[in-house]
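Heads up, this note's numbering is the position in the sequence shown plus 364, with the first residue counted as 1. The block underneath contains the structure these notes are about, expressed in structure tokens.
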Amino acid sequence: VQLQASGGGLVQPGGSLRLSCAASGIRFSINHAGWYRQAPGKQRELVATITSGGGTNYADSVKGRFTISRDNAKNTLYLQMNSLKPEDTAVYYCKLVTSWRDYWGQGTQVTVSS
365 VQLQASGGGL VQPGGSLRLS CAASGIRFSI NHAGWYRQAP GKQRELVATI TSGGGTNYAD
425 SVKGRFTISR DNAKNTLYLQ MNSLKPEDTA VYYCKLVTSW RDYWGQGTQV TVSS
């Protein structure tokens, strides 16, 4: 199983980015998934999750700004991030939850700065 995250970068405050996480080697559609982030000196925290049926959940800090989605035909998880703030700066990780273990992507850096 491999999760390949991409789409990070440097963006100004108020800008947007879309993260992608491509899964391979697993039946992606039947598993819950999520995005997490870790800022320097802080613990990894939940950003958003999505169930196999499409139900979503968000951290209070990103509600109304971020949208998690999935394309099961492409085995890909997305995170659309709008109205970005400097405090959103972190390494973002995707996670896939299976009945036997969790799988993590390698992380993609998001930096929000002017």
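Heads up, the beta-carbon is just placed ideally off N, CA and C, and yes, glycines get one too.
Query	Result
Pair within 8 Å by beta-carbon distance, Arg463 and Asn436	For the sequence presented, residue 463 should be read as Ser rather than Arg. No.
Lys427 - containing beta strand (DSSP E), residue span	It is not in any beta strand (DSSP E) - Lys427 carries neither H nor E in the DSSP assignment.
Secondary structure of Ala403, DSSP reduced to three states	coil
Sub-8 Å separation of Val455 and Gln402 beta-carbons	yes
Length of the line joining the Cα atoms of Met445 and Asp466	24 Å
Neighbour-count burial assignment, Arg434, 16 or more Cβ in a 10 Å radius	buried
Three-state secondary structure (DSSP) of Lys459	strand
Expected contact under 8 Å - CB spacing of Phe430 and Val411 to nearest Å	7 Å
Asn436 (DSSP reduced to helix, strand or coil)	helix
Same chain only: Cβ atoms within 8 Å of Glu409, ignoring 5 sequence neighbours per side	Tyr400, Arg401, Gln402, Ala423
DSSP three-state assignment for Ser393, whether helix, strand or coil	helix
Residues bridged to Gly417 (per DSSP)	Per DSSP, none; premise fails for Gly417.
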